[in-house]
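Number of protein chains: 2
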Amino acid sequence: MPSTSADLATIPTPALVLDRDRMEHNIKTMRAAIGDLPLRPHMKTAKSIDVARSLFPEGVGGITVSTLREAEYFFANGVTDVLYAVGIVPDKVGRVAALVRKGALVRCVVDDIENARQVAAAAAAAGITLRLLIEIDTDGHRAGLAPDDPQVSELARLIHTHPGTILEGIMTHAGESYGCDTPEALAAIAEVERAGALQAAHQLTTAGLPCPMVSAGSTPTALAKNSHAGLTEIRAGVFVFQDLVQSNIGICSIDDIALSVVTTVIGHQRRHGWILVDAGGMALSKDRGTAAQKNDYGFGLITDLAGTRVMPGLKVASANQEHGLIAADDGEPPWEALPIGSRLRILPNHACMTAAAHDRYQVVQTGSTKIITEWPRINGW
Amino acid sequence: MPSTSADLATIPTPALVLDRDRMEHNIKTMRAAIGDLPLRPHMKTAKSIDVARSLFPEGVGGITVSTLREAEYFFANGVTDVLYAVGIVPDKVGRVAALVRKGALVRCVVDDIENARQVAAAAAAAGITLRLLIEIDTDGHRAGLAPDDPQVSELARLIHTHPGTILEGIMTHAGESYGCDTPEALAAIAEVERAGALQAAHQLTTAGLPCPMVSAGSTPTALAKNSHAGLTEIRAGVFVFQDLVQSNIGICSIDDIALSVVTTVIGHQRRHGWILVDAGGMALSKDRGTAAQKNDYGFGLITDLAGTRVMPGLKVASANQEHGLIAADDGEPPWEALPIGSRLRILPNHACMTAAAHDRYQVVQTGSTKIITEWPRINGW
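So the protein sequences, as listed, match chains S and E. Each residue of the first sequence is one higher than the last, beginning at 72 in this note's numbering. Each residue of the second sequence is one higher than the last, beginning at 72 in this note's numbering.
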């Protein structure tokens, strides 16, 4: 915890900044969008118990994680209900079993019959009954069985009947929603996600198998103006911070972005038209998620140090390891407004990747440079 | 330190692997290439005292760093001679001064007269005399004054005469060498770097100013078959590990790459032709440094778990946060050779960025999966 006088104007740079007001606004927006449907936020973005507490002011409920390290960290901080949303394999069952034996309610996902058989055997050998969801691929994005694949019910039956496992239902994630940039396209992919999830769930119930959980969601599909009827929960993560990729998709404005990197101007390269800053690829990540979108923001957009005024026509055009090169879309950058030694903030393309470059958040209020607290975060596996 | 039975076949994945034999070979290759010229290795790649000790078996000599955190870490581990090779600004002088007062020999770089004046004032206020090199831009890559810019000698005179600073000479880095892929192009850019460094140094000596240090180097230019005559030291970093970008440049073979990520197959997506692994953008970084080179390796090449057999025609074609998608250049990936639960290694595009995603190295010998030791590394600022 920094002293009460800590300020973005004086802390060592680069550093990761979290605007708590904007984060709370983003959380409210998501809660309003999904109504009474339970939110199981994906903590892969924030990896912070303090952010989890902001999501659940009355006690942290069920969450989603992308690594077992996250599961262990959140459980150690009192979070008992965890969905590990990356395919489980036998070698990882031991760590899940250790959490379950301590009282955690951990659910894992599978999409392959032979692997599920081995996972079930590993769970039985570890002395636990493993709760499993079947991963469904509704949009050809990544992992999962197709909603109409007859293996869905075959896999479900195996899980339901094996003494090492409990069938909890199905889950899906419409990752292709990241490729959308109109409300119509977003609504369409959200409906693909919902319909595919329901179709897979229908396979289970038709086969006489239980399907208590129908879990779906990404930030874009959760915020699409769609019905979520039939789903039992929404998983979304990046909405807490938002980022430039999400603004290009159209589900937030740039003024909603709660995450930024504070950086210091370390050089003026007038011959080439670059302002150099001390936030490069290490502090921003090399994620170029906006490269294929309607607005290519390079490695990030620039704001003033207070974080409220986007500097028009400027972006981080190039990122070496510890150097960011800010250039103007047209003409020269504002040399006088950004002298060497001055500070600014950079809004990230992809909040998950940028946050992962840091081990803590400097928490501020909108429009202020005063650091109200420091929140640690974890990384690794 | 893991137990003596630790093995890549059983540790949690993804994890960062360092082949010590290959690293030692790469160090010998660099020493042979530069002969008697002192090597001031850039520790921004490894950020590990154990790697520094491998570079200097008889006691760690002068090193280069990219962050003050590295300077503090290496000094705490007994390394006293440090060149901080990213432009210094007044706000950062306090941390340098703290190291100097403890006995460190820290050198910093500047390329702007007004900033140098403020840095010198900050050094004087902090009660130290700051050792400065002038950064020279020999190839239009990043920071620095042009070798023939009259400001070079003007800045040198300011540094030499100001009571807060000591003039140590000039430094340059031919970052454009990363864009080369023939021995001829590499030799040409290495000569541009050397000639520019000497031209800048000549400005100083012609003006009657001292220039004891003429520091240059990048891994590609250091390994180019060129004269380094006139330089007083070589700075290079990534050579200790090498990577796919360097192999495309042509200064190492793929079999020289000492860094890899061990990963587990977590899925077969037969409909789309993907093998899913648990190393995604978080474990590999989002660096796409080979995208513009003669061989585009996606997010990395695949080897067997022993790390010696590159699997032909396979690469990590796409990287989500915790999912890597392995695809074949032609046809289907080898489903039977890589069953779910099996392990492999991924060779990185850019060793600096991939290493930064991890907090330790699992150290092995070539061709072995047995972990002989674990070396911690640092990140952050």
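Where a beta carbon is used, it is the ideal one built from N, C-alpha and C, also for glycine. Predicted, not measured: the structure shown is a model, and the values here were computed from it.
Next on the checklist: On the DSSP letters alone, give me the boundaries of the beta strand (DSSP E) that Lys521/E sits inside.
Outcome noted: Only positions 72 to 452 of chain E appear in the structure, and residue 521/E is not among them; the question remains open.
Checklist entry - From this set, Asp401/S, His113/S and Ile397/S, which residue's C-alpha is nearest Leu409/S's C-alpha? => result Ile397/S
Next on the checklist: Here's the rule I'm using: 16 or more other beta-carbon atoms within 10 Å means buried, otherwise exposed. How should Ser298/S be labelled?
Outcome noted: exposed
Next on the checklist: Please state the DSSP three-state secondary structure of Pro161/S.
Outcome noted: helix
Checklist entry - How should Ile337/S be labelled, buried or exposed, when 16 other C-beta atoms within 10 angstroms of its C-beta is the threshold for buried? => result buried
Next on the checklist: Can you pull the chain S neighbours of Val157/E, defined as C-beta to C-beta under 8 Å?
Outcome noted: Ile337, Asp349, Glu393 and His394
Checklist entry - By the criterion of Cβ-Cβ separation under 9 Å, what are the contact partners of Lys115/E in chain S? => result Met353, Gln392 and Glu393
Item to check | Cβ contact check for the segment 197-209 of chain E and the segment 150-169 of chain E: 3 or more pairs under 8 Å | outcome: yes
Next on the checklist: Suppose contacts are defined by Cβ-Cβ distances below 7 Å. Is Val160/S in contact with Thr379/E by that definition?
Outcome noted: no
Checklist entry - Expressed to the nearest angstrom, what Euclidean distance is found between the alpha-carbon atoms of Asn186/E and Gly130/S? => result 50 Å
Next on the checklist: Can you pull out the residues from the segment 404-427 of chain E whose beta carbon lies closer than 7 Å to at least one beta carbon of chain S?
Outcome noted: Ile411, Gly412, Cys423, Met424 and Ala427
Checklist entry - Taking just the CA atoms, how far does Arg93/E sit from Phe145/E? => result 23 Å
Checklist entry - CB-CB under 6 Å to Lys441/E, same chain, minus the five flanking residues each way: which ones, in chain order? => result Asp78
Checklist entry - Does the beta carbon of Ala214/E sit closer than 7 Å to a beta carbon anywhere in chain S? => result yes
Next on the checklist: Check this for me: beta carbons of Glu264/E and Thr209/E, under 7 Å apart or not?
Outcome noted: yes
Item to check | Contact belief for Gly301/S with Leu269/S at Cβ below 8 Å, rounded distance in angstroms | outcome: 5 Å
Checklist entry - Which value, in whole angstroms, describes the spacing of the CA atoms of Ser76/E and Arg448/E? => result 22 Å
Checklist entry - Does the pairing of the segment 238-258 of chain E with the segment 318-329 of chain E give three or more beta-carbon distances under 8 Å? => result yes
Item to check | Cutoff 7 Å; reference Pro73/S; Cβ partners in own chain excluding five residues on either side | outcome: For Pro73/S, the predicted model reports a pLDDT of 48, less than 50, meaning its position is unreliable and no value from the coordinates is stated.
Checklist entry - Which of the residues in the segment 250-272 of chain E, read from start to end, lie with their CB under 7 Å from any CB of chain S? => result none
Checklist entry - Is Arg359/S helix, strand or coil by DSSP? => result coil
Checklist entry - Given that Asn186/E touches chain S, what residues does it touch there, using C-beta distances under 9 Å? => result Ile337, Gly338, His339, Pro410, Ile411 and Gly412
Checklist entry - Taking Cβ-Cβ distances shorter than 8 Å, what residues in chain E pair up with Gly451/S? => result His429 and Asp430
Item to check | Collapsed DSSP secondary structure at Glu407/E in the structure displayed | outcome: coil
Item to check | Min CB distance Asp219/S to chain E below 7 Å | outcome: no
Item to check | Within chain E, the residues that Gln364/S reaches when beta carbons sit closer than 9 Å | outcome: Within 9 Å Cβ-Cβ: nothing; Gln364/S doesn't reach chain E, min ~15 Å.
Checklist entry - Rounded C-beta distance between Ala399/E and Gly344/E? I'm assuming under 8 Å. => result 7 Å
Checklist entry - Which one of His233/E, Phe310/E, Lys296/E and Arg228/E has the shortest CA to CA distance from Ala278/E? => result Arg228/E
Next on the checklist: For a test of the three-state rule: what should DSSP assign to Pro73/S, helix, strand or coil?
Outcome noted: With a pLDDT of only 48 at Pro73/S, under 50, the local geometry of the prediction cannot be trusted, and no value is derived from it.
Checklist entry - What residues from the segment 317-334 of chain E come within 8 Å of chain S, judged by C-beta to C-beta, listed N to C? => result none
Item to check | Helix, strand or coil at Cys282/E [DSSP, three-state] | outcome: coil
Next on the checklist: Can you tell me where the alpha helix (DSSP H) holding Ile82/E begins and where it ends?
Outcome noted: Per DSSP, Ile82/E belongs to no alpha helix (DSSP H) and is neither H nor E.
Checklist entry - On the premise that Ala261/S lies in contact with Ala455/S, defined as a C-beta separation below 8 Å, what is that separation, rounded to the nearest angstrom? => result A question about residue 455/S goes unanswered here, because the residues of chain S that appear run from 72 up to 452.
Checklist entry - From the DSSP output, which residues share a beta bridge with Ser224/E? => result Answer by DSSP bridge pairing: none, since Ser224/E is not bridged.
Item to check | Short Cβ contact (7 Å threshold) for Gly360/E with Val333/E | outcome: no
Checklist entry - If we count the other Cβ atoms within 10 Å of its Cβ and call it buried at 16 or more, is Arg111/S buried or exposed? => result buried
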